[in-house]
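Here's the structure we're looking at; comments come further down.
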Amino acid sequence: MLNKASALEAAAKRTQCDLADLNHYHYILVGGGAYVDELLRQLIEMKIRLPEYILVPEKMTLAVDIEQRIDDGISLINASHILLGTGSFQLEMVSRLVSRCEGNSVFLDVMQCAPKALRTLGSAQDYIVYVDLYSDINIPKYLVNFFKFLNLKGFRVDMFHPLEKLTDEYLRNAKGIIVWNGSLPAFVPVLSQAKKLSQKLTFAECGFFPQHQFFYLDKKGVNNQSQLQIDDLSWVGSEQFTALEMVRSSFDLAVAPYADSDYIFVPLQVPNDTNILNHSRFTSGMQAFIDFIEDKYSSEKIIFKAHPKDRMKSSYSLKHGVFSEDDSRSLIMSSKLVHGINTSVLYEAALLGKPVKIEGECLLKKHLNQINKLLAAICYRQFKVIDKRFDAAKLKQFSFLEPELLEYKLATRAEYKATTENNSQESENLE
Numbered sequence: 107m108l109n110k111a112s113a114l115e116a117a118a119k120r121t122q123c124d125l126a127d128l129n130h131y132h133y134i135l136v137g138g139g140a141y142v143d144e145l146l147r148q149l150i151e152m153k154i155r156l157p158e159y160i161l162v163p164e165k166m167t168l169a170v171d172i173e174q175r176i177d178d179g180i181s182l183i184n185a186s187h188i189l190l191g192t193g194s195f196q197l198e199m200v201s202r203l204v205s206r207c208e209g210n211s212v213f214l215d216v217m218q219c220a221p222k223a224l225r226t227l228g229s230a231q232d233y234i235v236y237v238d239l240y241s242d243i244n245i246p247k248y249l250v251n252f253f254k255f256l257n258l259k260g261f262r263v264d265m266f267h268p269l270e271k272l273t274d275e276y277l278r279n280a281k282g283i284i285v286w287n288g289s290l291p292a293f294v295p296v297l298s299q300a301k302k303l304s305q306k307l308t309f310a311e312c313g314f315f316p317q318h319q320f321f322y323l324d325k326k327g328v329n330n331q332s333q334l335q336i337d338d339l340s341w342v343g344s345e346q347f348t349a350l351e352m353v354r355s356s357f358d359l360a361v362a363p364y365a366d367s368d369y370i371f372v373p374l375q376v377p378n379d380t381n382i383l384n385h386s387r388f389t390s391g392m393q394a395f396i397d398f399i400e401d402k403y404s405s406e407k408i409i410f411k412a413h414p415k416d417r418m419k420s421s422y423s424l425k426h427g428v429f430s431e432d433d434s435r436s437l438i439m440s441s442k443l444v445h446g447i448n449t450s451v452l453y454e455a456a457l458l459g460k461p462v463k464i465e466g467e468c469l470l471k472k473h474l475n476q477i478n479k480l481l482a483a484i485c486y487r488q489f490k491v492i493d494k495r496f497d498a499a500k501l502k503q504f505s506f507l508e509p510e511l512l513e514y515k516l517a518t519r520a521e522y523k524a525t526t527e528n529n530s531q532e533s534e535n536l537e
């Protein structure tokens with residue numbers, strides 16, 4: 107992972123441009139996969155100059171005859187302009203390539219992955235800026251109702267990819283800035299820009315118990331960067347514990363305990379999860395963690411569960427443990443211990459009353475001496491994705507949105523119906 111200084115240095119070397127601007131440059135294209143296929147399709151369709159050649163990780167089958175050069179990772183690159191995809195690791199790619207460039211190469215980005223069909227929800231003059239690598243996924247899944255609530259309060263929501271360049275004036279005049287996650291280096295430029303302008307940021311992320319039904323807001327960051335990390339939780343009381351018990355009572359209703367028993371359950375994570383890269387020592391991948399666990403529990407029964415989105419899961423080897431694809435809640439229930447790095451499954455285990463061991467840094471590790479208080483705070487601060495109304499006190503405690511947003515008055519059914527009808531065309535791509 108790039109540090110802040112390296113990310114800013116890489117960002118300074120990139121130029122955002124339109125597809126048509128490529129007609130002015132002799133450039134090469136770096137990358138592979140669907141991104142290259144789609145970009146070439148657009149270039150051909152719009153009759154725009156094609157790249158001199160493509161630097162690829164491996165040969166591709168292309169719809170057009172263009173030279174492909176395999177990137178060996180060390181050869182010098184002689185190109186005045188280099189076109190990159192708008193991926194989450196673009197700044198890392200710039201940082202790796204710049205030392206191999208002969209001369210002062212310019213890195214181009216046509217913002218292919220930035221949101222296009224939907225850039226704004228609402229039409230009010232006052233606006234809130236939303237920054238996300240994957241707004242087309244996270245808005246419909248988590249935030250569409252919250253954004254409609256903001257529309258009701260008289261604010262439009264403008265959506266941007268973190269690598270898009272925004273003017274100081276535009277950011278300065280925003281009534282609020284919401285950032286989804288914000289942990290990757292791709293966010294560093296816009297976060298640094300907002301900080302220089304003294305604009306406070308509100309972070310958003312999927313919630314807990316289960317993740318897909320909730321989202322939360324935070325004044326400092328997500329996961330281990332959350333404001334709960336430095337909170338003594340002295341404010342947690344009966345209201346918060348009531349919220350916890352409601353979640354706990356329904357969390358495992360539809361799941362039966364796993365058939366086996368007397369085992370240690372080890373939930374794995376995606377190797378490039380920012381929680382792994384930023385807050386653990388297992389940055390080389392899950393195999394190292396598997397080896398660590400099997401050495402530690404050489405005479406114990408161990409059940410591993412790979413993350414369903416881990417593309418490397420079929421390559422992992424075990425000495426004496428076994429893999430399971432059963433529901434994590436089921437595996438938690440029958441286990442005697444849950445041992446992980448900093449996965450959300452550890453929080454689920456704590457919710458279900460199981461002992462946990464934690465190898466990474468996370469909120470749960472920080473508050474091990476007051477787990478119930480932490481879980482109560484987590485359950486209280488989050489919102490259901492289906493919510494239509496949002497508690498003012500909770501927004502004030504966990505966000506930096508403008509004060510008028512916090513003076514929430516229940517909209518009449520007619521007001522809500524009118525607003526949602528106005529938004530239906532704008533948001534139909536989201537829902």
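Following the numbering used here, the numbering of the sequence shown begins with 107 at its first residue and continues without gaps.
Each residue gets a CB set at the ideal place from its N, CA and C atoms; glycine is no exception.
Which same chain residues, not among the five before or five after residue i, have their C-beta less than 7 Å away from its C-beta?
i	result
residue 332	324, 326, 469
residue 456	462, 470, 477, 481
residue 380	289, 290
residue 163	138, 177
residue 152	125
residue 364	432, 436, 437, 439, 440
residue 119	200, 204, 213
residue 500	487
residue 394	388
Using a Cβ-Cβ cutoff of less than 6 Å, which residues in the same chain neighbour residue i once the five nearest sequence positions on both sides are dropped?
i	result
residue 391	377
residue 443	370, 461
residue 110	294
residue 522	No answer about residue 522 holds up, because its pLDDT of 44 lies below 50 and its placement is not dependable.
residue 96	Here the chain comprises residues numbered 107 to 537, so residue 96 is not present and cannot be evaluated.
residue 278	303
Leaving aside the five residues before and after residue i along the sequence, list all residues of the same chain whose C-beta is less than 8 Å from its C-beta, in chain order.
i	result
residue 467	330, 385, 386, 448
residue 156	146, 149, 150, 170, 172
residue 123	214, 215, 216
residue 349	482, 485, 486
residue 366	407, 409, 440
Do residue i and residue j have their C-beta atoms closer together than 9 Å?
i	j	result
residue 399	residue 427	yes
residue 374	residue 416	yes
residue 188	residue 207	yes
residue 322	residue 496	no
residue 335	residue 486	no
residue 266	residue 228	no
residue 411	residue 434	yes
residue 132	residue 211	no
residue 226	residue 263	yes
residue 282	residue 255	no
residue 136	residue 182	no
residue 284	residue 320	no
residue 328	residue 311	yes
Which residue marks the beginning of the alpha helix (DSSP H) containing residue i, and which one marks its end?
i	result
residue 276	274–278
residue 122	Run containing residue 122: none in the alpha helix (DSSP H); it sits in the beta strand (DSSP E), 120–122.
residue 242	241–244
Going by Cα to Cα distance, which pick from the options is closest to residue i?
i	options	result
residue 298	167, 274, 195	274
residue 465	454, 445, 484	445
residue 107	271, 143, 202, 184	202
residue 484	438, 168, 317	317
residue 352	315, 365, 366, 342	315
residue 231	209, 258, 248, 319	258
residue 112	292, 328, 450	292
residue 503	337, 474, 493	337
residue 242	286, 362, 272, 115	286
residue 423	397, 401, 413, 402	397
residue 354	174, 304, 454	454
residue 361	142, 114, 458, 474	458
residue 341	479, 130, 143	479
residue 134	158, 302, 421	158
residue 141	474, 344, 248, 168	168
residue 184	166, 209, 174, 175	209
Can you determine whether any heavy atom of the ligand GDP sits closer than 8 Å to the C-beta of residue i, and answer yes or no?
i	result
residue 145	Of the ligands one can find in the structure shown there are none, so the ligand GDP has no counterpart to examine.
Between residue i and chain C, is the shortest Cβ-Cβ distance under 9 Å, so that the two count as touching?
i	result
residue 132	Structure shown: chain C not included; a single protein chain is present.
Considering residue i, what are the terminal residues of the beta strand (DSSP E) in which it resides?
i	result
residue 234	233–237
residue 445	443–446
residue 310	307–312
residue 462	462–464
residue 133	133–136
residue 265	262–266
message: Check whether the region 232–247 and the region 195–204 touch, using three or more Cβ-Cβ pairs below 8 Å as the test.
response: no
Meets three-Cβ-pair contact criterion under 8 Å: the region 405–412 and the region 424–443: yes
query: Would the region 157–176 and the region 209–218 be scored as touching if the rule is three or more Cβ pairs under 8 Å?
result: Output reads no: the region 209–218 does not touch the region 157–176.
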